[in-house]
Structures are given as structure tokens and as C-alpha cells.
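First comes the structure, then the notes that go with it.
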Amino acid sequence: MTTISTVSRRLPALCTARVSFAYTAATRLSVSSQQQARYSSYSSRHENDPEKLDDHKRNSLKEQKDGKGQWHEELASDAEAFIKAERQEIKATGEEIEKLQRETTKLLKKTGLKG
Numbered sequence: 170m171t172t173i174s175t176v177s178r179r180l181p182a183l184c185t186a187r188v189s190f191a192y193t194a195a196t197r198l199s200v201s202s203q204q205q206a207r208y209s210s211y212s213s214r215h216e217n218d219p220e221k222l223d224d225h226k227r228n229s230l231k232e233q234k235d236g237k238g239q240w241h242e243e244l245a246s247d248a249e250a251f252i253k254a255e256r257q258e259i260k261a262t263g264e265e266i267e268k269l270q271r272e273t274t275k276l277l278k279k280t281g282l283k284g
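Under our numbering, the first residue of the sequence shown carries the number 170, and numbering increases by one thereafter.
Okay, structure coming up:
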């Protein structure tokens with residue numbers, strides 16, 4: 170059984186531990202909030218268009234029933250797509266990647282940024 174004297178002796182150590190934990194938690198929170206800004210799960214590839222989303226979901230479910238189910242970037246959040254690309258788990262041909270690079274360069278020139 171814990172007595173009041175035992176608690177009072179441990180109190181300074183507990184307060185120090187609490188401050189240390191609070192600092193660590195705050196530090197981790199700031200790092201994780203930076204990562205969340207990079208990978209926001211609220212952004213999506215389907216632009217929240219209900220018709221587009223339903224169409225992709227319907228096709229995906231049909232493929233799964235036929236045993237041909239795959240991951241579809243159109244249904245993914247931006248965070249999922251970014252992580253998949255970082256892990257190099259994307260299936261894109263060199264031609265598709267070059268097309269994306271040309272489109273990005275064109276967009277950068279249009280907005281006045283260097284690319």
C-alpha cells in the first residue's frame with residue numbers, strides 16, 4: 170500500500186518526468202504535423218467528384234470479383250499516392266513519366282516559375 174510519505178517523496182521525480190514527457194510529446198507533435206502537411210489524407214486523386222468516384226469504385230469492385238483487383242490511384246488519397254510513389258511501387262512506362270514531366274514543365278512556364 171502506498172503511503173502519503175511515499176507519494177510525497179516521489180512527487181518531484183514525477184513532476185520532472187511529466188515536464189520531460191511534455192517536451193518530448195511537443196517535439197514529436199511538431200514533426201508529425203510537418204509530415205501531415207506533406208501527406209494530407211484529405212486531398213484526393215478523384216477531386217471529390219461523386220460521379221468519378223462512384224465510377225472508379227464500381228470498376229474496382231468488378232475487378233475484385235473477377236479476381237483481377239488492383240490498386241487504383243484514382244481512388245487513393247494524395248497521401249497514399251505519394252507514399253506509393255516514394256516506395257517506387259508505381260507501374261508507369263518511361264513514356265508516361267516523360268509526358269508528366271513535359272506537362273509539369275509547361276505548367277511551370279505558364280505560371281512563370283522555373284522548371
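We treat Cβ as the ideally placed atom computed from N, Cα and C, and that holds for glycine.
Rounded to the nearest whole angstrom, the CA to CA distance from residue 226 to residue 251 is 20 Å. The straight-line gap separating the alpha-carbon atoms of residue 220 and residue 280 is approximately 30 Å. When the beta-carbon positions are compared, residue 244 and residue 222 come within less than 9 Å of each other. At a cut-off of 4 residues, the continuous stretches assigned as alpha helix (DSSP H) that sit fully inside the region 214-282 are 219-234, 247-255 and 263-280.
Residue 273 has its alpha-carbon roughly 11 Å from the corresponding atom of residue 283. Residue 278 has its alpha-carbon roughly 30 Å from the corresponding atom of residue 258.
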